[in-house]
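For my numbering, add 367 to where a residue sits in the sequence shown, where the first one is 1.
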Amino acid sequence: MLNPIDTAAVIRDGGATGTAPDQIHAGVAWWLGACLVVTRGASRAVVGDDGHPISTEYAARFARGATNAGHYRCHTTVVIGPVDEQTLLDFRADEQAVAAYIRTREDATVTITLYDVAGEVLTERNGLARIRALIAEDRVPIPVNKAARGTLDEREADAP
368 MLNPIDTAAV IRDGGATGTA PDQIHAGVAW WLGACLVVTR GASRAVVGDD
418 GHPISTEYAA RFARGATNAG HYRCHTTVVI GPVDEQTLLD FRADEQAVAA
468 YIRTREDATV TITLYDVAGE VLTERNGLAR IRALIAEDRV PIPVNKAARG
518 TLDEREADAP
């Protein structure tokens with residue numbers, strides 16, 4: 368695994384949290400996107416962020432991971448922000464999608480919160496432990512081939 372992380376310390380509390388780029392780098396967002404899609408069998412994903420430059424970079428990486436997850440051909444929507452978490456959840460409901468919301472504090476602490484298709488934050492019992500194990504074991508899903516890749520689009524936060 369390139370740029371390994373302390374999965375037990377970083378992947379917790381509904382997603383992943385750590386300081387960028389030491390504890391949680393942009394590759395982690397890619398891994399989370401791919402693993403969320405595969406562990407949930409998702410065909411749709413939505414990601415949004417608070418507008419901080421680090422958050423926006425991580426959201427783009429999450430989207431690429433979700434779009435390239437195994438053979439799921441996941442359609443991923445990036446909500447152009449900044450957006451608040453409720454706006455992202457509204458997009459998630461409209462799309463019937465899994466989702467991620469990314470925010471960064473001024474001290475560069477990044478939090479990536481993961482949601483299932485019902486809008487529930489992932490917990491140890493409903494998927495987070497499996498995602499952590501996939502990443503810790505360096506079993507992050509990759510695209511099978513170009514035909515298996517999903518699609519990606521961007522939508523403004525205020526778009527219907």
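Glycine included, each C-beta is placed from N, C-alpha and C at the ideal position. Because the structure is a prediction, the values reported are computed rather than measured.
{"query": "Which first and last residues belong to the alpha helix (DSSP H) in which Arg-499 is found?", "result": "496-503"}
{"query": "Where does Asn-435 land, buried or exposed, given buried means 16+ other C-beta within 10 angstroms?", "result": "buried"}
{"query": "Just to check my reading of the structure: Arg-440 and Ala-383 have Cβ atoms closer than 8 angstroms, yes? What is that Cβ distance to the nearest angstrom?", "result": "Not a contact, Cβ separation roughly 25 angstroms."}
{"query": "What's the gap between the Cα of Glu-462 and the Cα of Ala-496?", "result": "25 angstroms"}
{"query": "State whether the region 489-507 contacts the region 468-477, with contact taken as three or more CB pairs (one from each stretch) at a distance under 8 angstroms.", "result": "no"}
{"query": "Kindly indicate which residue of Ser-422, Arg-407 and Glu-491 has the alpha-carbon position closest to the one of Val-445.", "result": "Ser-422"}
{"query": "If you follow the alpha helix (DSSP H) that Asp-483 is in, where does it begin and where does it stop?", "result": "From DSSP, Asp-483 is part of no alpha helix (DSSP H); its letter is neither H nor E."}
{"query": "Please classify Ile-509: is it buried, with 16 or more other beta-carbons within 10 angstroms of its beta-carbon, or exposed?", "result": "exposed"}
{"query": "Just to confirm the assignment, what range does the alpha helix (DSSP H) spanning Glu-424 have?", "result": "420-434"}
{"query": "Is the closest heavy atom of the ligand GDP to the C-beta of Arg-407 under 6 angstroms?", "result": "Of ligands this structure carries none, so the ligand GDP is not represented either."}
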